[in-house]
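A.B. asks: Attaching a single structure in structure tokens format; questions to follow.
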Amino acid sequence: MTGSCCPQYSRLTLPLINASSASLLVRWPGGPLRGIAQLPASKSESNRALIIQALAGGGELENLSDANDTQLMQRLLADQQAAVFDAEDAGTVMRFLTAYLAVMGRPAQLVGTARMYQRPIGVLVDALRQLGASIEYVGEEGYPPLKLNGWAPALSSDEPDELTVRGDISSQYISALLMIGPVLPAGLRLWLTGKVGSRPYIRMTQSLMQHFGATCRDLGTVLEVRPGAYQPADYTIESDWSAASYWYAMVALGPAGSTIILPGLREQSWQGDQAIVGIMDQLGVATEFFPDGVQLTQKLPAAAVEQDFSDCPDLAQTVAVVAAALGVPVVMTGLESLRIKETDRILALQTELAKFGGSMTEEGEERFVVRSADFQVSGQTVETYHDHRMAMAFAPLALRGPLTVQAPEVVRKSYPRFWKELERAGFAIENQ
């Protein structure tokens, strides 16, 4: 349903917490949750736009994300003299910069955190080597850190470079290759094998490339990019649908009458995580679109839910927590990539849900079922495992009872103002 404008609610101004605390006690004082929540700009759009802007040589980006990953990408791209690039724990930065620095012929080392060195990158490195990159593994074969020694493409040809790439590991490999396609002498043709996960993120990449003047074709299992320089262009980043998912969770779990307005979201979005609209409609949240955002209200949830997360894996934790808290069984598939994220998100979910009376069991190959029995929130401590999405997925449970969140600063990775926005919405948050 589309209306003329968002209804207005006043936003509470409360003391701000110190988000570098070792842990936070989060409580809800009672009554319906009502207000306007400010979302960060899309990290996914921002990081892609920064790479394309660098390849295009100009253009203005408005509403760039303040997420740590995006700020890190911006700093590293701006440093023309660096010999060592520290991607920290940002998988997108590691993968996109590897392709960008390779095609630019920049001798460099790419390093990161200990967890980053456990996250595979061999598929991307193999593909870049075929295109002409000289890349060495500094440590274990197939994993960062990397040493880039230059770029020596094959002799020019009228035919595009052709690569065969597995699509069932990470769509970021595919996006990284697509974005450098226009600067290759004859363009690029990617043949995708296996089940392609996170397809909307690939479409986002292609849409942004086209906005900056590239020509792309999506033929299903074949992606083609024609040669030709990007053109500088201006672009305004949309608000982040991944971040919106946590407010959907709060409305679902809030007292009767809870409603939230989220400005800056588009009904026609390139973000795959807009899938949260349909998923949460089954878990008790209705969405009304307006020209300048959305309003979330409560409705009756379904008796059971089945969802494939192949195209939206970052929503899985939020949905699992909400379903367990509501007592709605949910069958979850398409979770293959969760084991190579900031942490093993499947194991982390299983461990933390059990503290409240929830379970996540594997019943068949890569088929998980979330259930709960006597789900209670009564002062438990949630471990976040250096994962921003663990912190934000479990925080809405505070609407059902007090809980403590360990290492709350992890939210800086994607939603730095998360705890401040919760305070403004009325949550009581104390440093522990």
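For the record, in the sequence shown the residue sitting at position 9 is 9 according to the UniProt record's numbering, with numbers rising by one throughout. Every residue, glycine too, gets a C-beta built ideally from N, C-alpha and C. Given the structure is predicted, the values throughout are model-derived calculations rather than measurements.
(1) Assuming the contact rule is C-beta atoms closer than 8 Å, Ser245 and Thr318 should be a hit. Round their C-beta distance to whole Å, please.
(2) Give the straight-line distance between the Cα atoms of Leu391 and Ala49, rounded to the nearest whole angstrom.
(3) What span of residues does the alpha helix (DSSP H) with Thr113 cover, start to end?
(4) Quick check: what's the CA-CA separation for Asn18 versus Asn431?
(5) Restricting to Cα atoms, I'd like to know which of Thr259, Gln231, Arg115 and Pro182 is closest to Met104.
(6) Counting beta carbon pairs with one atom in the stretch 135-143 and one in the stretch 163-180, are three or more of them shorter than 8 Å?
(7) Rounded to the nearest angstrom, what separates Leu25 and Leu403 at their Cα positions?
(8) Which stretch, first to last residue, makes up the alpha helix (DSSP H) that contains Trp151?
(9) Tell me the rounded alpha-carbon separation between Ile261 and Arg27.
(10) Could you tell me the alpha carbon to alpha carbon distance between Gly187 and Val251, rounded to whole angstroms?
(11) What residue does the beta strand (DSSP E) around Gln307 start on, and which one ends it?
(12) Compare the C-alpha of Ile429 against each of Val405, Pro144 and Pro416 and name the closest.
(13) Classify Glu423 as buried or exposed, calling it buried when 16 or more other Cβ atoms lie within 10 Å of its own Cβ.
(14) Counting C-beta neighbours from all protein chains within 10 Å, is the total for Ser207 16 or more, i.e. buried, or is it exposed?
(15) Under 7 Å, do Ile51 and Phe96 count as touching if we go by C-beta distance?
(16) Quick one: residues in its chain with C-beta nearer than 7 Å to the C-beta of Gln46, no 5 flanking neighbours on either side, listed in chain order?
(17) Report the rounded CA-to-CA distance for Ala393 versus Met116, giving the unit in angstroms.
(18) Quick one: Cα of Gln38 to Cα of Arg412, how far?
(19) Leaving out five residues on either side along the sequence, give the residues of the same chain with a beta carbon under 6 Å from the beta carbon of Met204.
(20) Does the beta-carbon of Glu421 have 16 or more other beta-carbons within 10 angstroms, so that it is buried, or is it exposed?
(21) Just reading off the beta strand (DSSP E) that Ile429 is part of, what are its end residues?
(22) Looking at the secondary structure, which residues open and close the alpha helix (DSSP H) in which Trp241 lies?
(23) DSSP three-state call for Phe418: helix, strand or coil?
(24) Just the Cα atoms here: how many angstroms apart are Arg417 and Asp387?
(25) For Lys341, is the classification buried or exposed, using 16 other Cβ atoms within 10 angstroms of its Cβ as the cut-off for buried?
(26) Given this structure, state the Cα-to-Cα distance separating Gly334 from Met360, to the nearest angstrom.
(27) Inspect the beta-carbon positions of Leu253 and Ala324 and report whether they are closer than 7 Å.
(28) Among residues of its own chain, excluding the 5 on either side of Gly122, which ones have a beta-carbon nearer than 8 Å to its beta-carbon?
(29) Any idea what DSSP makes of Val26, helix, strand or coil?
(30) So if DSSP puts Phe212 in a beta bridge, which residue, or which two residues, is it bridged to?
(31) Does the beta-carbon of Tyr100 have 16 or more other beta-carbons within 10 angstroms, so that it is buried, or is it exposed?
(32) What residue does the beta strand (DSSP E) around Ile237 start on, and which one ends it?
(33) Among residues of its own chain, excluding the 5 on either side of Tyr415, which ones have a beta-carbon nearer than 6 Å to its beta-carbon?
(34) Can you name the start and end residues of the alpha helix (DSSP H) that Asp69 belongs to?
(35) On the DSSP bridge assignment, give the partners of Thr92 in chain order.
(36) Please classify Trp247 as buried or exposed, where buried requires at least 16 neighbouring CB atoms within 10 angstroms.
C.D. replies: In short:
(1) If you number the sequence shown from 1, residue 245 lands on position 245. If you number the sequence shown from 1, residue 318 lands on position 318. Yes, they are in contact, since the Cβ atoms of Ser245 and Thr318 sit about 5 Å apart, within 8 Å.
(2) Residue mapping note: residue 391 aligns to position 391 of the sequence shown, counting from 1. Residue mapping note: residue 49 aligns to position 49 of the sequence shown, counting from 1. Residue identity differs from the one stated: residue 391 is Ala in this sequence, not Leu. Near 27 Å, if we compare the C-alpha coordinates of Ala49 and Ala391.
(3) For the purposes of this step, residue 113 is taken as residue 113 along the sequence shown, with counting starting at 1. Note, Thr113: premise wrong, no alpha helix (DSSP H); not H, not E.
(4) Along the sequence shown, one-based indexing puts residue 18 at 18. Along the sequence shown, one-based indexing puts residue 431 at 431. Bear in mind that the predicted position of Asn18 carries a pLDDT of just 41, short of 50, making it too unreliable to give a figure here.
(5) The sequence position of residue 104 within the sequence shown is 104, counting from 1. Checked all of Thr259, Gln231, Arg115 and Pro182; the closest Cα to Met104 is Pro182.
(6) no
(7) The sequence position of residue 25 within the sequence shown is 25, counting from 1. The sequence position of residue 403 within the sequence shown is 403, counting from 1. One C-alpha to the other measures close to 6 Å.
(8) Here residue 151 refers to the residue found at position 151 of the sequence shown. Where Trp151 is concerned, there is no enclosing alpha helix (DSSP H), although the beta strand (DSSP E) it sits in stretches over Leu146 to Trp151.
(9) Residue numbering aside, residue 261 sits at position 261 when the sequence shown is read from its first letter. Residue numbering aside, residue 27 sits at position 27 when the sequence shown is read from its first letter. Each residue's alpha carbon lies about 21 Å from the other.
(10) Residue numbering aside, residue 187 sits at position 187 when the sequence shown is read from its first letter. Residue numbering aside, residue 251 sits at position 251 when the sequence shown is read from its first letter. Note on geometry: alpha-carbon atoms of Gly187 and Val251 lie some 47 Å from one another.
(11) The count along the sequence shown starts at 1 and reaches residue 307 at position 307. For Gln307, the enclosing beta strand (DSSP E) begins and ends at Val305 to Asp308.
(12) Against the sequence shown, residue 429 aligns to sequence position 429. Among Val405, Pro144 and Pro416, the Cα nearest to that of Ile429 belongs to Val405.
(13) Counting from one through the sequence shown, the residue named residue 423 turns up at place 423. Label assigned to Glu423: buried.
(14) By one-based count along the sequence shown, residue 207 stands at place 207. Ser207 counts as exposed, since fewer than 16 other C-beta atoms from the protein chains shown sit within 10 angstroms of its C-beta.
(15) Numbered from its first residue, the sequence shown carries residue 51 at position 51. Numbered from its first residue, the sequence shown carries residue 96 at position 96. The Cβ-Cβ distance between Ile51 and Phe96 falls below 7 Å.
(16) Indexing the sequence shown from 1 puts residue 46 at position 46. In the sequence as presented, Gln is not what sits at residue 46; that position holds Ser. Answer for Ser46: Leu64, Ser65, Thr70 and Ile237, listed in chain order.
(17) On the sequence shown, residue 393 is found 393 positions in, with the first residue counted as 1. On the sequence shown, residue 116 is found 116 positions in, with the first residue counted as 1. One C-alpha to the other measures close to 22 Å.
(18) For this step, residue 38 is matched to residue 38 along the sequence shown. For this step, residue 412 is matched to residue 412 along the sequence shown. Rounded to whole angstroms, Gln38 to Arg412 spans 15 Å at the Cα level.
(19) Taking the first residue of the sequence shown as position 1, residue 204 is located at position 204. If we look at Met204 and ignore the five residues flanking it on each side, its Cβ neighbours are Trp270.
(20) Here residue 421 corresponds to residue number 421 of the sequence shown, with the count starting at 1. With 16 or more other Cβ atoms within 10 Å, it is buried.
(21) Within the sequence shown, numbered from 1, the residue matching residue 429 stands at position 429. In the DSSP assignment, Ile429 falls within the beta strand (DSSP E) that extends over Ala428 to Asn431.
(22) On the sequence shown, position 241 is the one that residue 241 refers to. It spans Trp241 to Leu253 - the alpha helix (DSSP H) in which Trp241 sits, taken as one unbroken run.
(23) By 1-based counting over the sequence shown, the position of residue 418 is 418. If DSSP states are grouped into helix, strand and coil, Phe418 belongs with the helices.
(24) The count along the sequence shown starts at 1 and reaches residue 417 at position 417. The count along the sequence shown starts at 1 and reaches residue 387 at position 387. Rounded to the nearest angstrom, the two C-alpha atoms are 16 Å apart.
(25) Looking up residue 341 in the sequence shown gives position 341. Within 10 angstroms of the beta-carbon of Lys341 lie 16 or more other beta-carbons, which makes it buried.
(26) In the sequence shown, the residue the question calls residue 334 occupies position 334. In the sequence shown, the residue the question calls residue 360 occupies position 360. Roughly 14 Å separates the two Cα atoms.
(27) Within the sequence shown, the letter at position 253 stands for residue 253. Within the sequence shown, the letter at position 324 stands for residue 324. Contact: no.
(28) As a position in the sequence shown, residue 122 is number 122, starting the count at 1. Excluding sequence neighbours, Gly122 sits near Glu141, Gly142 and Tyr143.
(29) As a first step, residue 26 must be located in the sequence shown, where it is residue number 26. Strand at Val26.
(30) Taking the first residue of the sequence shown as position 1, residue 212 is located at position 212. The partner list for Phe212 (beta bridge, DSSP) is empty, contrary to what the question assumes.
(31) Looking up residue 100 in the sequence shown gives position 100. Result: buried.
(32) Walking along the sequence shown from the start, residue 237 turns up at place 237. From DSSP, Ile237 is part of no beta strand (DSSP E); its letter is neither H nor E.
(33) On the sequence shown, residue 415 is found 415 positions in, with the first residue counted as 1. Here the set comprises Pro40 and Ala243.
(34) As a position in the sequence shown, residue 69 is number 69, starting the count at 1. First-last of the alpha helix (DSSP H) with Asp69: Asn68 to Ala78.
(35) Within the sequence shown, the letter at position 92 stands for residue 92. None; Thr92 has no bridge partner.
(36) In the sequence shown, residue 247 corresponds to position 247, counting from 1. Buried: at least 16 other Cβ atoms inside 10 Å.
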